[in-house]
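**Student:** When you read off a place in the sequence shown, starting at 1, and then add 140, the result is the number in the numbering used here. Using N, Cα and C, we set each Cβ at its ideal position, and we do this for glycine too. Owing to the predicted nature of the structure, the values given are computational and were not obtained by experimental measurement. My questions all concern the structure below.
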Amino acid sequence: MAAYRTLTQQRRSEARDFLTRALPGAGTSIVWEIGCGHGHFLTAYAKAHPEVHCVGIDISSDRIERALRKRERVRLPNLHFFQAEAKLFLEEMPLGLSLSTIFILFPDPWPKLRHRKHRILQPDFLLNAAKRTAPNGRLYFRTDDLTYFRDAMQIIEAHPSWQPVAELWPFEFETVFQQRAATHYSVVAATRK
Ligand SMILES: C[S@@+](CC[C@H](N)C(=O)[O-])C[C@H]1O[C@@H](n2cnc3c(N)ncnc32)[C@H](O)[C@@H]1O
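Rendered as structure tokens:
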């Protein structure tokens with residue numbers, strides 16, 4: 141238990157260091173991709189949007205290593221990858237930093253009922269994310285799992301901080317999991333601020 145606490149504290153401190161080192165500081169608004177995998181989508185997005193800082197995180201160190209190799213190849217100063225768990229990362233974001241856009245693309249669906257608590261899209265997480273999201277911010281959620289899509293829609297519709305909006309997907313670029321999926325379902329949500 142003590143070892144776990146030390147490890148978590150170390151991860152928190154690394155996340156804070158990364159955020160201070162990689163980004164310009166107070167007043168910066170970032171595009172955040174949760175579960176970026178090997179970073180294909182965010183690399184293409186950052187290339188097309190050189191004016192915004194794009195931060196991709198993934199809990200898997202292997203995936204982030206590959207994303208970082210991609211970053212070295214493309215040399216985009218506005219593209220950043222970091223290994224972290226999404227909730228922890230959000231909690232460690234410095235106060236001056238805000239989220240303009242959040243992408244959650246093909247997250248693990250945790251289809252078994254007893255495992256659903258592991259899903260990233262939960263009311264509490266949305267509440268904390270909304271607190272750090274700039275006015276007029278957007279959340280883009282896409283999945284190939286119909287049940288997760290329906291649940292996500294229901295959670296967002298009932299949420300005090302987010303609402304679904306009928307807007308087009310802002311940037312089409314197939315992720316690795318999208319390439320493997322037969323079909324997919326998207327939700328675009330805006331903050332209620
Ligand atoms: C199914 S993969 C999709 C990867 C990529 N978005 C794509 O569409 O190809 C889900 C990714 O989310 C990451 N992930 C799962 N839970 C996470 C969490 N709580 N925080 C950060 N990353 C997470 C996994 O490691 C995995 O790389």
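Can you check DSSP and say which residues form a bridge with residue 198?
**Tutor:** As a first step, residue 198 is located in the sequence shown; it is residue number 58 there, counting from the start. Partner(s): 223.
**Student:** Does any heavy atom of ligand 1 sit closer than 6 Å to the C-beta of residue 316?
**Tutor:** Your numbering for residue 316 matches position 176 in the sequence shown. Residue 316 Cβ: within cutoff of ligand 1.
**Student:** Looking at residue 241: is its Cβ nearer than 7 Å to the Cβ of residue 331?
**Tutor:** In the sequence shown, counting from the first residue as 1, residue 241 sits at position 101. In the sequence shown, counting from the first residue as 1, residue 331 sits at position 191. Against a cut-off of 7 Å, the Cβ pair of residue 331 and residue 241 comes out as no contact.
**Student:** Exposed or buried, what is residue 198 when buried is set at 16 or more other beta-carbons lying within 10 Å of its beta-carbon?
**Tutor:** By 1-based counting over the sequence shown, the position of residue 198 is 58. When all chains shown are included, residue 198 counts as buried.
**Student:** Would you say residue 222 touches ligand 1, meaning its beta carbon is less than 6 Å from a heavy atom?
**Tutor:** The residue given as residue 222 occupies position 82 in the sequence shown. Outside the cutoff, so no.
**Student:** Do the segment 305-324 and the segment 249-259 meet, that is, are 3 or more Cβ pairs less than 8 Å apart?
**Tutor:** No: the two stretches stay apart, fewer than three of their Cβ pairs being nearer than 8 Å.
**Student:** Report the residue ranges of all alpha helix (DSSP H) runs contained in full by the segment 209-279; include only those spanning at least 4 residues, in chain order.
**Tutor:** 226-232 and 263-271, all fully within the segment 209-279.
**Student:** Could you have a look at residue 313 and say whether DSSP puts it in helix, strand or coil?
**Tutor:** Within the sequence shown, the letter at position 173 stands for residue 313. Residue 313: coil per DSSP, three-state reduction.
**Student:** At what residues does the beta strand (DSSP E) containing residue 330 begin and finish?
**Tutor:** Residue mapping note: residue 330 aligns to position 190 of the sequence shown, counting from 1. Note, residue 330: beta strand (DSSP E), 325-331.
**Student:** My understanding is that residue 192 touches residue 171, with C-beta atoms under 8 Å, so please give their C-beta distance in whole angstroms.
**Tutor:** In the sequence shown, residue 192 corresponds to position 52, counting from 1. In the sequence shown, residue 171 corresponds to position 31, counting from 1. Contact flag correct, Cβ pair sits at about 5 Å.
**Student:** Just to confirm before moving on: does the CB-CB distance between residue 329 and residue 279 stay below 7 Å?
**Tutor:** To locate residue 329, count along the sequence shown from 1; it is residue 189. To locate residue 279, count along the sequence shown from 1; it is residue 139. The answer is yes: Cβ separation under 7 Å.
**Student:** Throw me the rounded Cβ distance for the residue 219 and residue 183 pair, which I believe falls under 8 Å.
**Tutor:** Here residue 219 refers to the residue found at position 79 when the sequence shown is read from its first residue. Here residue 183 refers to the residue found at position 43 when the sequence shown is read from its first residue. Between residue 183 and residue 219 the Cβ distance is about 6 Å, and since that is below 8 Å, they are a contact.
**Student:** When you compare the segment 224-231 with the segment 287-306, are there three or more beta-carbon pairs, one atom per stretch, that lie closer than 8 Å?
**Tutor:** No, the segment 224-231 does not touch the segment 287-306.
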